[in-house]
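Have a look at the structure below before the remarks.
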Amino acid sequence: MAGTEFGHALGRSRALSGLPAAPLVARYGELASAQQALGLRHLGDLLVPGGGHFRVLDGIFSVEGPGRRRHVGAQALRELRAGHADAEGGAGALLERLAGIQERDPAALRRILLYQLVRLLHEHPRGDLPDTAVGFGVDPDEAAALVHAAGASPRLDAAGRAAAERLEDEWLAGRVRAAARSAAALPRSAAGGDPLLAGRLAGLAERVRAADALLDEARGHEERPDRERAAAAYGRAARVAWDCPRAVRGLIRTHRPADGDPGPLEASPVPGGVALRRPAGADPDGIWRVVRLTRREPVTTPLPEVPGPLGAGPLTDRRAPLGREVRYVALPGDGGTPLISAPLLVAPEVTDLRLTDGRSRVGATWLRPPGATGVRVALTDPEGRTRDLGAPTAAEAADPADAADAADAGSAGPGREGVRADGLGAGEYLLRVRCSYAGAGGEVVSGGVGAAVTVHPWPEPVTGLGARARGAGGLELRWSGGDGGDVRFVQWPEPAPAEGAELVASALPPALTWVDAAGIAQPPPGTLATVSAVSVLGERALAGPGVPVEAPEAVTGLTVRRTSGGRAKVSFDWPDGAGRVVVALTPDSGGERTEHPVARAVFLREGLELPVGPGAFRVTAYAAPRSAHAVAAAPRGAGQAVLPPDVAIAYRLLPGPRRMLRRGPAVLRVSLLSPGGDPGSGLPDFVLVRAADGGGPRPHRPGEGAELCRVTGAELAASGTVEREILPHPPGGGPYAVRGFLLGGRAASVRLDEPSLTSLVVR
Numbered sequence: 046m047a048g049t050e051f052g053h054a055l056g057r058s059r060a061l062s063g064l065p066a067a068p069l070v071a072r073y074g075e076l077a078s079a080q081q082a083l084g085l086r087h088l089g090d091l092l093v094p095g096g097g098h099f100r101v102l103d104g105i106f107s108v109e110g111p112g113r114r115r116h117v118g119a120q121a122l123r124e125l126r127a128g129h130a131d132a133e134g135g136a137g138a139l140l141e142r143l144a145g146i147q148e149r150d151p152a153a154l155r156r157i158l159l160y161q162l163v164r165l166l167h168e169h170p171r172g173d174l175p176d177t178a179v180g181f182g183v184d185p186d187e188a189a190a191l192v193h194a195a196g197a198s199p200r201l202d203a204a205g206r207a208a209a210e211r212l213e214d215e216w217l218a219g220r221v222r223a224a225a226r227s228a229a230a231l232p233r234s235a236a237g238g239d240p241l242l243a244g245r246l247a248g249l250a251e252r253v254r255a256a257d258a259l260l261d262e263a264r265g266h267e268e269r270p271d272r273e274r275a276a277a278a279y280g281r282a283a284r285v286a287w288d289c290p291r292a293v294r295g296l297i298r299t300h301r302p303a304d305g306d307p308g309p310l311e312a313s314p315v316p317g318g319v320a321l322r323r324p325a326g327a328d329p330d331g332i333w334r335v336v337r338l339t340r341r342e343p344v345t346t347p348l349p350e351v352p353g354p355l356g357a358g359p360l361t362d363r364r365a366p367l368g369r370e371v372r373y374v375a376l377p378g379d380g381g382t383p384l385i386s387a388p389l390l391v392a393p394e395v396t397d398l399r400l401t402d403g404r405s406r407v408g409a410t411w412l413r414p415p416g417a418t419g420v421r422v423a424l425t426d427p428e429g430r431t432r433d434l435g436a437p438t439a440a441e442a443a444d445p446a447d448a449a450d451a452a453d454a455g456s457a458g459p460g461r462e463g464v465r466a467d468g469l470g471a472g473e474y475l476l477r478v479r480c481s482y483a484g485a486g487g488e489v490v491s492g493g494v495g496a497a498v499t500v501h502p503w504p505e506p507v508t509g510l511g512a513r514a515r516g517a518g519g520l521e522l523r524w525s526g527g528d529g530g531d532v533r534f535v536q537w538p539e540p541a542p543a544e545g546a547e548l549v550a551s552a553l554p555p556a557l558t559w560v561d562a563a564g565i566a567q568p569p570p571g572t573l574a575t576v577s578a579v580s581v582l583g584e585r586a587l588a589g590p591g592v593p594v595e596a597p598e599a600v601t602g603l604t605v606r607r608t609s610g611g612r613a614k615v616s617f618d619w620p621d622g623a624g625r626v627v628v629a630l631t632p633d634s635g636g637e638r639t640e641h642p643v644a645r646a647v648f649l650r651e652g653l654e655l656p657v658g659p660g661a662f663r664v665t666a667y668a669a670p671r672s673a674h675a676v677a678a679a680p681r682g683a684g685q686a687v688l689p690p691d692v693a694i695a696y697r698l699l700p701g702p703r704r705m706l707r708r709g710p711a712v713l714r715v716s717l718l719s720p721g722g723d724p725g726s727g728l729p730d731f732v733l734v735r736a737a738d739g740g741g742p743r744p745h746r747p748g749e750g751a752e753l754c755r756v757t758g759a760e761l762a763a764s765g766t767v768e769r770e771i772l773p774h775p776p777g778g779g780p781y782a783v784r785g786f787l788l789g790g791r792a793a794s795v796r797l798d799e800p801s802l803t804s805l806v807v808r
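Each residue of the sequence shown is one higher than the last, beginning at 46 in the working numbering.
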């Protein structure tokens, strides 16, 4: 019946007489994945509006109304993308991809859509009804013909459908053996109604026959034996079917380097795979296809290709099997000499190996390559003895920075890990790190990465440090330990290293200039610091303990003088930054020293008076320590003054004795009083002065009157009491007032004991 065979007499010259059994479009798998991500049943859902219909008999057309249809070509696809709500997203990218396919092959998009519709009809329980096709969007005028043709086309199981969808990619990539396996998975009737598939299978069969013939020729040459001709035949077979394991293995087995060959393909394990580099003599413009062979795999195992160009830089095989021995073959695209690598055990070494030495120890840290099941570390001492250092952990990093990195990364992951060996003597050591992998026959161990490290001599740490004030001023530091090195005194910036921390001598703070090698410290006034001891040997140092010390501020302008009532007034300049000042009184007679702290506010408001005895005192003033925990240095250059013993000179004016009806001349009695002991030398002179004009006011200072008499200090020191007659005023002059003063010597420190001023009148 006319019209029952799909495309029987209609359409363009390339219209199909049957339905496609395979899409035969490059990268169809990617296209199907993008379609499924958008939730599309088939590509027609993207080409027509929702609820619309399309025709596929002689091309793809969207049905826009009775008798009206629009051909869906590359331009229509791009217009559809421009008006799509998801023009920049997945739908827009898929439409652009379909437009490119349509431009390269106008029949490809129709073939894909037909292949998908047939699959849907085959999988639908009512796929034999035209209404089912109409439900998929097919125009009702073509639904019956499509359903009829789909019923006559071969049904593919899951394996056959997967083979049909990857066949074109394998053919285009030259994977002849893989394409032959895919063709064998298709039913025999698949190509009956699909001329394009039949042509593809015919071409594939021809290449398979050519490869097999070359293999037979190569085996014949190999059996004679003629290795050179065998290698050439195997090479031609590999060019015809580069994924043929027998051809590539035969090429490796029979190939021998010849004069003019560029050299072997360089292969080396790296973290995450194997790095491949072409030799220096290879054609820099050549195009290479690189395949990998794994030892102990069956001969029929498909050969994986290493994707990417073998150019000036390395090509990395990131799927190389860890713990297995592999070889690589780079097949030239121009028929030149193939490049073959030497056998390689895929066992990458650790990277970024860092070695450090410490006090009687060495440490090592590294980055473990991905896939390594373990790491082994061996240490060889200067005598050649080797020992295993055990399993590494992240917590055993060699230095604090590495320890922090390792702790962040974790010992089980690919982060930094390490080992540490303690109790070592000085000398040269060799450390080797090997990685273990799970191989086909058990554990496989890499060759290892080795490095030399030197354990240097270190000084002994300072274990104790103390300080005490010196009588001569400053401090005296005493320490224990530090043998085998020099002990240096420093002040750390915050934070200070822990005791016993290993340091680099060049990174130490400068040694304190006010501490000498014997530990005698003269800290500048105002110092409040923690002095730390460090033992140093060459470029290595160990942090030791510290002790807080303080040097009080010096006090200037100190003066002291006695006042009445057995007290003395103390004056000085208050030091900057001091909250309190200590005034100490030390008797010259050897009595107990007394200290009197005074606060700044009290001193400025009330001054300072202290009770003192009659003897001589040495007065010292210094700023009080600011820290209760610091050892205060004995004040050096502190304010000092001497308070002499209490010495007083008393004078009295005695009326003269009566002589008949008159009194004789008045008598001046001057006495030396010294309750504090020997007054010493340098006593002042006593001078009695009267008013200059006789009856004038009493003088307030020596220069305001006329001197009546003088008693020298030497006279007082010699006799203790001196009496002198004071002549009366000339006749008719009347009585006059007098007053005594001390001049010269220690006048400022000798107290004048005056009588009542009303008694100092000469009549």
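Positions of the beta carbon are idealized from the N, C-alpha and C atoms, including for glycine.
Item	Value
Supposed contact pair V70 and E168 - C-beta distance, whole angstroms, cut 8 Å	20 Å between Cβ atoms; not a contact.
Delimiting residues of the beta strand (DSSP E) encompassing S107	F106 to G110
Chain-order list of residues whose beta-carbon lies under 7 Å from that of T425 (same chain, five-residue window excluded)	T431, Y474 and L475
One or two residues paired with I565 in a DSSP bridge	E521
Rounded separation between R755 and L718 - CA only	18 Å
Contact with chain C by A218, beta-carbon distance below 7 Å	Of the protein chains in this structure there is only one, and it is not chain C.
First through last residue of the beta strand (DSSP E) which encompasses G408	R406 to L412
CA-to-CA distance, D330 to I385, given in whole angstroms	18 Å
Cβ neighbours of R281 in the same chain (closer than 7 Å, five flanking residues each side left out)	L259
Contact belief for E595 with A675 at Cβ below 8 Å, rounded distance in angstroms	4 Å
Cα-Cα separation, S197 to H300	The question names Ser, but residue 197 in the sequence shown is Ala. Straight-line Cα distance between these residues: approximately 52 Å.
Alpha-carbon spacing of D531 relative to L582, whole angstroms	6 Å
Three-state secondary structure (DSSP) of P175	helix
Helix, strand or coil at V687 according to DSSP, with G and I counted as helix	strand
Cross-strand partners of A312 (DSSP beta bridge)	L321
The region 111-125 touching the region 201-215, judged by at least three CB pairs closer than 8 Å	no
H203 versus L139: straight-line alpha-carbon distance, rounded	This sequence places Ala at residue 203; His is not what is there. So the two alpha carbons sit approximately 25 Å from each other.
For R513, the first and last residue of its enclosing beta strand (DSSP E)	V507 to A514
One or two residues paired with W503 in a DSSP bridge	None, per the DSSP bridge assignment.
Opening and closing residue of the beta strand (DSSP E) in which T299 lies	Looking at the DSSP string, T299 is not in any beta strand (DSSP E); the run it does join, the alpha helix (DSSP H), is P290 to T299.
Neighbour-count burial assignment, E637, 16 or more Cβ in a 10 Å radius	exposed
Assigned secondary structure, I157 (DSSP; H/G/I helix, E/B strand, else coil)	helix
Contact under 7 Å by Cβ, L348 with R323	no
Every unbroken alpha helix (DSSP H) inside the region 212-254 [4 residues or more]	221-229
Continuous beta strand (DSSP E) stretch holding D397: start and end	T396 to G403
Residue closest to E370, alpha-carbon to alpha-carbon, out of P352, A677 and P393	P393
Outcome for L788 when other beta-carbon atoms lying within 10 angstroms are tallied against a minimum of 16	exposed
Coil, strand or helix - R113 by DSSP	strand
Whether G378 touches Y482 by CB criterion (7 Å)	no
R703, DSSP secondary structure in three states	strand
Bridge-paired residues (DSSP) for T20	Residue 20 is absent from the model: the chain starts at 46 and stops at 808.
Beta-carbon spacing of E521, R513 below 7 Å	yes
Minimum length 3: unbroken beta strand (DSSP E) runs contained in the region 757-802	766-771, 781-788 and 796-798
C-beta contact flag for G463 and A409 at 7 Å	yes
Buried/exposed call for S577, threshold 16 Cβ in 10 Å	buried
Contact between the region 605-616 and the region 688-698 (3+ Cβ pairs under 8 Å)	yes
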